Structures are given as structure tokens and as C-alpha cells.
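Enquirer:
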Amino acid sequence: MTRLVAWSRELRAVHERLRAALRVTREAVDAGGDTDSATRDLLLFCHGFCTALAGHHEGEDRELFSAIAAAHPELRPSLQRLEQDHSMIAHLFSGLRAAVSRAASPAELDRHLEGIAAIMESHFRYEERQLR
């Protein structure tokens, strides 16, 4: 049980870091200015952010969720929903990467970020409620 409590605390800490990273990215896009420079900065930041998020989700899917399912089989439906969310978030990030690569307008980048923010926040809150 101590292991699950530690994972729960770490999960919340990771979520807060990811929320902060997304806020910084959106603020950079909202600031406007030199689109080329902002796009390059966003691409660099997004690469790190996307890599961190993908690693976080892969770790959950591979290690955390299987440990939770073994200890609490009643949570399997919730864990399956979370894994589906992970897949959806990865798809949304793929769209953002493509938009950044083709130097999409700040408005389009913001639409991508808004969608990611909405899904991530819903996912994080559900995950935190289900796995506390």
C-alpha cells in the first residue's frame, strides 16, 4: 500500500509540472510577436514537453496501472479509460507537432494547445479521483 501512496503523490507532482509546462507554452503563443521565433521556441519546448508526457503515460501504462490492477481489480475499467486517454493525448500532440512543423499561425497553434489542455485537465482530474 505504501508503494501506491508514493505513486499517487508522484502522479500529482508530475501532473502539476505538466500543467505548468502547458501554461508556459500557451503564454508563449499568446504573446505573439515574431512568429518564426515563437514557432521555433514552441517546437523546442513542445518536444521536451511531449517527450515528458509520453514518458509519463508509458510508465503509467506499463508499470503503475498493472500494479494497481493487480492490487485492485475493480479499477480495471477506470485504468482502461485512462489508457484510452493516453492514446488520444498522443494523437493530439501529433497534430500539434505537425502544425508547428509547417509553421502554422499562432491562432491554429492555440487551438491545438486549447484542445490538449482540455483533454489533459479532464484526464488528470479523472486519474487523480480514481487513483487517490
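Under the working numbering, the first residue of the sequence shown carries the number 1141, and numbering increases by one thereafter. Don't be surprised by glycine CBs; every beta carbon is placed ideally from N, CA and C. This structure is a prediction, so every number in the text was calculated from the model and none was measured.
(1) Can we say the segment 1232–1242 touches the segment 1199–1211, given the rule of at least three CB pairs closer than 8 Å?
(2) Can you tell which of TYR1266, LEU1219, GLU1203, ALA1258 has the C-alpha that lies nearest to the C-alpha of PHE1233?
(3) Around the Cβ of HIS1263, are there at least 16 other Cβ atoms within 10 angstroms (buried) or fewer (exposed)?
(4) Please classify ALA1164: is it buried, with 16 or more other beta-carbons within 10 angstroms of its beta-carbon, or exposed?
(5) According to the neighbour-count rule (16 or more other Cβ atoms, all chains shown, within 10 Å of its Cβ), is ALA1160 buried or exposed?
(6) Quick one: give me the first and last residue of the alpha helix (DSSP H) that PRO1246 is part of.
(7) Below 8 Å on the Cβ atoms is my contact criterion, and I expect ILE1256 with LEU1158 to pass it. Report the Cβ-Cβ distance as a whole number of Å.
(8) Buried or exposed: which applies to GLU1261, given that a residue is buried once 16 or more other Cβ atoms fall within 10 Å of its Cβ?
(9) Can you give the beta carbon distance from LEU1215 to GLN1270, rounded, assuming they're within the 8 Å contact cut?
Expert: According to the structure data:
(1) no
(2) If you number the sequence shown from 1, residue 1233 lands on position 93. With distances taken between Cα atoms, PHE1233 lies closest to ALA1258.
(3) Residue numbering aside, residue 1263 sits at position 123 when the sequence shown is read from its first letter. Classification for HIS1263: buried.
(4) Mapped onto the sequence shown, residue 1164 falls at position 24. Going by the sequence as given, residue 1164 is Val instead of Ala. Result: exposed.
(5) The count along the sequence shown starts at 1 and reaches residue 1160 at position 20. Looking at its Cβ environment, which holds fewer than 16 other Cβ atoms inside 10 Å, ALA1160 is exposed.
(6) By one-based count along the sequence shown, residue 1246 stands at place 106. Looking at the DSSP string, the run of the alpha helix (DSSP H) that includes PRO1246 is 1246–1270.
(7) Within the sequence shown, residue 1256 is the residue found at index 116, counting from 1. Within the sequence shown, residue 1158 is the residue found at index 18, counting from 1. ILE1256 to LEU1158, Cβ: 10 Å. No contact.
(8) Sequence index remark: in the sequence shown, residue 1261 carries index 121 (1-based). Exposed, since its Cβ has fewer than 16 Cβ neighbours within 10 Å.
(9) For the purposes of this step, residue 1215 is taken as the residue at position 75 of the sequence shown. For the purposes of this step, residue 1270 is taken as the residue at position 130 of the sequence shown. Contact flag correct, Cβ pair sits at about 7 Å.
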